[in-house]
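In the numbering used here, the protein residues as written are 3 to 599.
Think of the CB as a built atom: it goes at the ideal place given N, C-alpha and C, for glycine as much as any other residue.
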Amino acid sequence: NDIKLISDQNKMSTIAKCDRKIRATGDVSSNFVKHLRVKHSELYAEYKSLKSGSPFGNSAQAAFDRKLLHAIVDGALPVSILERRSFIDLLQTSGMKIMSRQAAVKKLKEHYGEVVHKIKSEMASVKHFCTTGDIWSGNHRSFLGYTCHWLTENLERKSAALACRRIFGVHSAEKIAQIIAEINAGFGLSASNVIMTVTDNGSNFVKAFKEYGCTETETSHEDESENDLPVFQNELLLPKHLRCCSHTLNLLASADYVKILRSEQALYMQHSMTFEKCNALWRKCKWPKSSEIIVECLGSTLLVPVVTRWNSLFDAVTKLLWAKDKLNPLCERLSLSQFSPSDLQYLEMYQLLMGPIARALDYLQGENNVNYGCLIPTLMTLSNRLNKLQNKPEMQQVSSVVAKLEQCLRDRFDAFFTLKPEANIALAATVLTPDIKMSWIKVLQRIKPEVTAADISTRVLNTICDFYVKDNRAFNAQILKSNELFANNRHFDFDLNDTDNEEGTNAIPEPSASDRRAFLTHHFFCYLNDNSRTDDTWVKHCSLKEAFVAFNTPLTSSAPVERLFSFAEIVNSPRRQSMSDLSFEKLVLLKANSKWS
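Written as structure tokens, this is what we have:
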């Protein structure tokens, strides 16, 4: 609209901005371009933008391409959608160029490389990691998922999905160990910097870490030396293993509970009859006509339990009790057996009994606000709540069941209730959590009266000393920093040996094992006596911060890798079975790592 043709014969046009008449020769427009560049910079920029094929210029085209690729990844759309006429017509309304399918595949590959590089760059500056792993199957293919987690200097939890690797044939322990070792090697992970790997309770994973995991020699606390480093005895050197605590609690609430009921004949019969009616009602939810009746009677749908979804049975029972006054009219309309008063009473008892377990399970599945130091306090809290339930009037008839369930809890987590050596890291992580410290010990003393706060302090102090022996550089830096007064005062000489201690010498003696332990003991008990309960604690007690970060890096659940598989289910639709294993892995990881894009 700013350039108007006034004479087609002479190719004369006028610039509306300044009424300047300009002649063009043939199809050459250089006169117009020169005038715009000199006199009208805004119009010239617009012209250049239009010339590039986009009203927003090259930078806008690049932004559009990025958003288009993000939409494909986030929506798990097939790249072939770029060849659909309707999709092309939609995007062309933006005025942007639409990349081809081949170009999109190339850009996705490049973007995947950028994301992996960004993750590796971030991980390169991190000293302590936790990983989670699991196996998922879909459309006749199996994949091993693997995620990584760490704490930053600001104690912020970060995570990344590292792999969704195809696994062929039998899921043997050796094969699992080999794949995990390959993934670890690709990201600079090893048994020395991965504090723990969390998996479910599957026998193949347990065997893999038992046979190919690292073992450490016990460190003597009487005469520690810098050479007291861990001795690894297996080839693949997998990290230490932690069974998913949420999965273990799920087994407690399902398999263990039913096993206990079998020893209580009358209660088991009541359980079977009640849940037979519940299952009949839940099955009706799958049928459209029945679902309409359920919504009409209750005002909403019912929750249906899913075997692989932890806590779903508890949630489904809770929803039934929410609508208990409307259940029998609903059952009558659906031609189902109605719930008797004893059925409803049993469901209420079940909800009361399973409530503490469900809350603990949900809490431990957290990723951002749950560190390893939360595990022992959560187990003690659950044990305490189950013990209190035994004394409630409404639970008198099943008090023996509650007692047996609490015992099963202790058996499942025996290492943490009896404080076995394998619980040392969890113990240290707990005590080094400022808002927890020693507050949980009185609950443990109900089970183990002989345990004292002094015992716990000694165990934790030993674990901290072991940690700093393996990380001498960071440890000595802390001691040398505290010895600045000694370094600055060289006037006195009380060394009986013939050592160079002349004025001006900057050498500081290497701290001995006893010096290191004395240093840590002082700072550890200062920390325990400090009433601060926030992360600001580490400003005052910075000498212990490195140990806090390392011990609290592990998660308590393998839930993050389960969430990775939820992305895999979206990507692995039946219509996309021809996708290669490598392309599948890249799309899943790009979607899971969207925060790194």
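For residue i, three-class secondary structure by DSSP
i: residue 86; result: coil
i: residue 540; result: helix
i: residue 553; result: helix
i: residue 462; result: helix
i: residue 312; result: coil
i: residue 130; result: coil
i: residue 437; result: coil
i: residue 170; result: coil
i: residue 136; result: strand
i: residue 581; result: coil
i: residue 442; result: coil
i: residue 246; result: coil
i: residue 164; result: strand
i: residue 201; result: strand
i: residue 375; result: helix
i: residue 521; result: helix
i: residue 196; result: strand
i: residue 1; result: An answer regarding residue 1 cannot be provided, because it is not within the stretch 3 to 599 covered by the chain.
i: residue 415; result: coil
i: residue 145; result: strand
i: residue 79; result: coil
i: residue 273; result: helix
i: residue 188; result: helix
i: residue 150; result: strand
i: residue 565; result: helix
i: residue 68; result: helix
i: residue 157; result: coil
i: residue 22; result: strand
i: residue 366; result: helix
i: residue 240; result: strand
Residues near residue i in its chain [Cβ-Cβ closer than 6 Å; skip 5 each side]
i: residue 246; result: 200, 202, 559, 560
i: residue 234; result: Because the pLDDT at residue 234 is just 39, under 50, the model does not fix this residue reliably, and the point stays unresolved.
i: residue 210; result: 175, 178, 179
i: residue 378; result: 418, 428, 432
i: residue 11; result: The predicted position of residue 11 is uncertain, since its pLDDT is 48 and thus under 50; a value taken from the coordinates is nonetheless stated next. Nothing meets the Cβ criterion.
i: residue 317; result: 305
i: residue 252; result: 312
i: residue 272; result: 348
i: residue 465; result: 426, 430
Given residue i as reference, the closest of the options once Cα atoms are compared
i: residue 596; options: 75, 553, 124, 62; result: 75
i: residue 372; options: 381, 557, 429; result: 557
i: residue 189; options: 517, 156, 513, 150; result: 150
i: residue 145; options: 567, 240, 592; result: 567
i: residue 387; options: 359, 37, 460, 369; result: 359
i: residue 157; options: 464, 551, 590, 564; result: 551
i: residue 339; options: 328, 278, 381, 324; result: 278
i: residue 257; options: 275, 280, 312, 111; result: 312
i: residue 471; options: 452, 456, 513, 111; result: 513
i: residue 345; options: 356, 127, 323, 362; result: 323
i: residue 45; options: 466, 61, 20, 107; result: 20
i: residue 170; options: 528, 153, 140; result: 140
i: residue 207; options: 197, 193, 181, 195; result: 181
i: residue 192; options: 143, 243, 205, 142; result: 243
Close beta carbons around residue i, own chain, < 7 Å, minus the five adjacent residues each side
i: residue 321; result: 304, 305
i: residue 352; result: 319
i: residue 408; result: 385, 388, 389
i: residue 184; result: none
i: residue 401; result: 392
i: residue 315; result: 307
i: residue 130; result: 152, 195, 197, 551, 552, 555
i: residue 159; result: 151, 153, 369, 370
Neighbourhood of residue i by C-beta, 8 Å cutoff - its chain only, sequence neighbours within 5 removed
i: residue 101; result: 67, 70, 84, 109
i: residue 254; result: 359, 407, 410, 411, 414
Near the ligand NAD: residue i beta-carbon under 6 Å from a heavy atom
i: residue 138; result: Within the structure as shown, the ligand NAD is missing, as the structure has no ligands at all.
Inter-stretch contact at 8 Å, needing at least 3 Cβ pairs: the region 194-214 / the region 171-183: yes
Inter-stretch contact at 8 Å, needing at least 3 Cβ pairs: the region 255-274 / the region 282-290: no
Whether or not the region 288-301 and the region 324-335 are in contact is what I'm after, with contact meaning three or more pairs of Cβ atoms, one per stretch, closer than 8 Å; do they touch? yes
Tell me the start and end of each unbroken beta strand (DSSP E) in the region 278-360 that is at least 3 residues and wholly inside, in chain order. none
Is the region 541-551 in contact with the region 338-352, if contact means three or more CB pairs nearer than 8 Å? no
Indicate whether the contact test is met: 3 or more Cβ pairs, each with one atom in the region 582-596 and one in the region 154-168, closer than 8 Å. yes
If you pair each beta-carbon of the region 404-416 with each one of the region 436-445, do three or more pairs fall below 8 Å? no
Complete alpha helix (DSSP H) runs within the region 91-129 (minimum length 4 residues, chain order): 103-125
Three or more C-beta pairs under 8 Å: does that hold for the region 121-135 against the region 521-539? no
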